[in-house]
Amino acid sequence: MLKYNCLNPIAEAGTCLFTENYEKVDNYQDADAILVRSAAMHDMEFPETIEAIARAGAGVNNIPLDKCADQGIVVFNTPGANANGVKELVIAGMLLAARDIVGGVNWVQSERQNELIAKATEKEKKNFAGSEIQGKKLGIIGLGAIGVAVANAATHLGMEVYGYDPYISVDAAWNLSRSIKHIQQVDDIYKECDYITIHVPLMDATKKMINQDAIALMKDGVVILNFARDLLVDEDAMVTSLRTGKVKKYVTDFPNPTTAGEKGCLVIPHLGASTEESEENCAIMAVKQLKDYLENGNIKNAVNYPNCNMGECSHVCRIAINHRNTKNMIGQFASVLGSADLNIANMTNTSKGDYAYSLFDLDTHLPEAVRDTLKNIEGVLKVRVIK
Ligand SMILES: NC(=O)c1ccc[n+]([C@@H]2O[C@H](COP(=O)([O-])OP(=O)(O)OC[C@H]3O[C@@H](n4cnc5c(N)ncnc54)[C@H](O)[C@@H]3O)[C@@H](O)[C@H]2O)c1
Numbered sequence: 001m002l003k004y005n006c007l008n009p010i011a012e013a014g015t016c017l018f019t020e021n022y023e024k025v026d027n028y029q030d031a032d033a034i035l036v037r038s039a040a041m042h043d044m045e046f047p048e049t050i051e052a053i054a055r056a057g058a059g060v061n062n063i064p065l066d067k068c069a070d071q072g073i074v075v076f077n078t079p080g081a082n083a084n085g086v087k088e089l090v091i092a093g094m095l096l097a098a099r100d101i102v103g104g105v106n107w108v109q110s111e112r113q114n115e116l117i118a119k120a121t122e123k124e125k126k127n128f129a130g131s132e133i134q135g136k137k138l139g140i141i142g143l144g145a146i147g148v149a150v151a152n153a154a155t156h157l158g159m160e161v162y163g164y165d166p167y168i169s170v171d172a173a174w175n176l177s178r179s180i181k182h183i184q185q186v187d188d189i190y191k192e193c194d195y196i197t198i199h200v201p202l203m204d205a206t207k208k209m210i211n212q213d214a215i216a217l218m219k220d221g222v223v224i225l226n227f228a229r230d231l232l233v234d235e236d237a238m239v240t241s242l243r244t245g246k247v248k249k250y251v252t253d254f255p256n257p258t259t260a261g262e263k264g265c266l267v268i269p270h271l272g273a274s275t276e277e278s279e280e281n282c283a284i285m286a287v288k289q290l291k292d293y294l295e296n297g298n299i300k301n302a303v304n305y306p307n308c309n310m311g312e313c314s315h316v317c318r319i320a321i322n323h324r325n326t327k328n329m330i331g332q333f334a335s336v337l338g339s340a341d342l343n344i345a346n347m348t349n350t351s352k353g354d355y356a357y358s359l360f361d362l363d364t365h366l367p368e369a370v371r372d373t374l375k376n377i378e379g380v381l382k383v384r385v386i387k
């Protein structure tokens with residue numbers, strides 16, 4: 001029986017995928033695997049039984065990745081599972097910026113006691129009029145799961161879409177509509193576009209990417225959308241630019257004292273991925289990845305270990321070894337197995353940064369003593385007999 005613990009509530013659409021071979025436990029100290037959303041894990045001590053942690057969501061800054069990797073604990077996330085939820089809110093954000101829908105709805109609310117509201121509306125509505133997004137130029141910085149989804153949706157709404165991502169993945173490139181203009185220099189996005197939306201991860205290289213210099217290159221009356229992270233934008237420069245009218249609207253999913261209540265800022269309370277569907281998609285993906293790792297040793301979408309896939313084991317035994325990415329590890333594993341007269345029927349080894357992962361299928365069971373010898377090889381972090 002494999003045991004899992006949920007540090008946060010996880011959508012049932014995911015947890016119902018656990019079969020009768022799994023048991024939910026209340027304490028992570030008793031578990032083989034942990035499911036988590038936002039719980040802070042940096043101060044937690046993990047028992048040796050923990051094989052994996054799956055985060056139902058994309059960001060993993062609540063999880064001590066290196067500490068986990070050192071203990072042979074694989075940490076998964078669910079990239080792209082909430083992309084559609086965020087995409088839909090970005091489209092809504094563009095529409096909210098194009099017309100003063102918020103101002104108009106607030107005006108109606110303020111006039112709710114007015115018996116003559118219908119008549120007043122016809123006089124007042126010009127104050128909330130706007131423009132259409134069809135035919136406007138949209139610049140997208142970062143063409144990952146969300147950026148690609150926004151790009152494709154915006155082309156269907158008749159926008160002219162410019163995309164910039166020097167590190168675009170092959171998968172993302174395949175998914176991108178052919179009508180999107182591939183931009184080589186981010187400055188061209190700044191200079192050309194009426195709407196600019198940013199979908200890059202927050203890293204040292206992207207922090208305050210949208211700053212005074214970038215804004216200075218933009219068209220007067222540009223709309224900037226930020227559904228990625230607030231620190232990607234120099235928000236003091238943004239407020240100054242809103243006040244001068246250089247920027248027409250700043251739509252952000254990240255309330256903070258700089259932007260909340262500032263005229264021209266449309267601040268949404270971090271609702272990008274807050275949909276039933278996104279939460280379910282994340283839970284389903286997290287549980288599927290966790291199960292494939294626990295049952296077959298396969299790794300997909302880990303953030304601290306490499307991907308690895310040997311399918312289901314059709315041999316007598318499968319061993320998984322989490323180890324450091326140093327020389328002669330495979331040679332040592334093969335030599336230990338060979339010395340014990342065990343034939344390797346199938347094997348694979350992958351690496352990512354300082355860590356590596358090896359799977360071996362054997363035609364016979366692995367004796368306990370041989371397992372201990374493997375465990376004692378310097379650089380080995382975990383040995384797991386899966387079957
Ligand atoms: N508002 C929300 O609720 C919410 C939800 C999910 C994700 N997010 C944020 O959105 C971001 C993007 O999410 P995603 O799922 O699309 O991630 P992703 O990893 O699929 O895509 C990120 C893309 O950014 C590109 N990139 C990296 N550095 C770049 C640079 N300097 N210039 C241009 N492109 C660059 C990468 O090549 C990649 O294609 C996340 O990092 C997260 O911060 C927000």
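For the sequence shown, the UniProt record's numbering gives the first residue as 1, with consecutive numbering after it.
C-beta atoms are modelled at their ideal positions from N, C-alpha and C, and glycine is treated no differently.
Remember, it's a predicted structure, so these values are computed and weren't measured experimentally.
{"Query": "Compare the Cα-Cα distances from residue 305 to each of 163, 134, 91 and 71 and report the closest residue.", "Result": "71"}
{"Query": "Which residues in the same chain have their Cβ closer than 6 Å to the Cβ of residue 310, if we skip the five residues on either side of it in sequence?", "Result": "348 and 359"}
{"Query": "Determine the extent of the alpha helix (DSSP H) in which residue 239 is found, giving its start and end residues.", "Result": "235 to 244"}
{"Query": "With DSSP as the reference, identify every bridge partner of residue 19, one or two as the case may be.", "Result": "Answer by DSSP bridge pairing: none, since residue 19 is not bridged."}
{"Query": "Can residue 82 be considered in contact with ligand 1, in the sense that its beta carbon sits closer than 8 Å to one or more heavy atoms?", "Result": "yes"}
{"Query": "Any idea what DSSP makes of residue 147, helix, strand or coil?", "Result": "helix"}
{"Query": "Would you call residue 103 buried or exposed, if buried means 16 or more other Cβ atoms sit within 10 Å of its Cβ?", "Result": "exposed"}
{"Query": "State the Cα-Cα distance for the pair residue 127 and residue 99, rounded to the nearest angstrom.", "Result": "10 Å"}
{"Query": "Sort 66, 23, 20 and 276 by Cα distance to residue 42 and report the nearest one.", "Result": "66"}
{"Query": "With 16 other CB atoms within 10 Å as the buried threshold, where does residue 64 fall?", "Result": "buried"}
{"Query": "Looking only at its own chain, which residues have a Cβ that is under 6 Å from the Cβ of residue 186, when we skip the five neighbours before and after it?", "Result": "164"}
{"Query": "What does a CB cutoff of less than 7 Å around residue 307 pick up in its chain, not counting 5 residues either side in sequence?", "Result": "299, 300 and 350"}
{"Query": "Here's the rule I'm using: 16 or more other beta-carbon atoms within 10 Å means buried, otherwise exposed. How should residue 319 be labelled?", "Result": "buried"}
{"Query": "Please specify which runs of the alpha helix (DSSP H), each continuous and at least 4 residues long, are wholly inside the stretch 41 to 79, giving them in chain order.", "Result": "65 to 70"}
{"Query": "Which of helix, strand or coil does DSSP assign to residue 388?", "Result": "The structure shown does not extend to residue 388, since the chain spans only 1 to 387, so no value can be given for it."}
{"Query": "Ignore the nearest five residues each way along the sequence and tell me which others in residue 220's own chain have a CB closer than 8 Å to its CB.", "Result": "245 and 246"}
{"Query": "Contact check, residue 217 vs residue 195 under 8 Å by CB: the rounded distance?", "Result": "Not quite, the Cβ-Cβ distance comes to about 15 Å (not below 8 Å), so this is no contact."}
{"Query": "Using a 10 Å radius around the Cβ and a threshold of 16 neighbouring Cβ atoms, would you call residue 326 buried or exposed?", "Result": "exposed"}
{"Query": "Can you confirm whether the stretch 71 to 82 touches the stretch 109 to 126 when touching is taken to mean that 3 or more C-beta pairs between the two stretches lie within less than 8 Å?", "Result": "no"}
{"Query": "Would you kindly check if the distance between the Cβ of residue 148 and the Cβ of residue 54 is under 9 Å?", "Result": "no"}
{"Query": "Would you mind listing the beta strand (DSSP E) stretches within the stretch 104 to 135 that are 3+ residues and don't spill past its ends, in chain order?", "Result": "none"}
{"Query": "For residue 106 and residue 112, I'd like the C-alpha separation in whole angstroms.", "Result": "10 Å"}
{"Query": "Grab me the residues of residue 227's own chain with a C-beta within less than 6 Å of its C-beta, minus the 5 sequence neighbours each way, in chain order.", "Result": "86, 90, 253 and 272"}
{"Query": "What span of residues does the alpha helix (DSSP H) with residue 170 cover, start to end?", "Result": "170 to 175"}
{"Query": "Run the proximity test for residue 14: is its beta-carbon closer than 8 Å to any non-hydrogen atom belonging to ligand 1?", "Result": "no"}
{"Query": "Is it the case that the CB of residue 38 approaches a heavy atom of ligand 1 more closely than 8 Å?", "Result": "no"}
{"Query": "If you draw a straight line from the alpha carbon of residue 162 to that of residue 48, how long is it in whole angstroms?", "Result": "49 Å"}
{"Query": "Shortest alpha-carbon distance to residue 59 belongs to which of 40, 88 and 51?", "Result": "40"}
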